[in-house]
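A short write-up of the structure that comes next.
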Amino acid sequence: MSRDQQRLADYLAHILEAIERIDRYTEDIKTDNPS
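Note that my numbering numbers the sequence shown so that position 2 is 988, with each residue one more than the last.
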């Protein structure tokens, strides 16, 4: 894999991690404040 391909893979993995973190955070908000 070229350096650019590796960088892209790391970048996408980082985005996925951030999305999962946001998802957990917003899930906590939803369970704390039922509307």
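Even for Gly, the Cβ is constructed at its ideal location relative to N, Cα and C.
Rounded separation between residue i and residue j - CA only
i, j, result
"Met987", "Ile1005", "25 angstroms"
"Asp1018", "Thr1012", "10 angstroms"
"Gln991", "Glu1003", "18 angstroms"
"Ile1015", "Ile1001", "21 angstroms"
"Asp1009", "Ala999", "15 angstroms"
"Arg993", "Arg1007", "21 angstroms"
"Arg989", "Tyr997", "12 angstroms"
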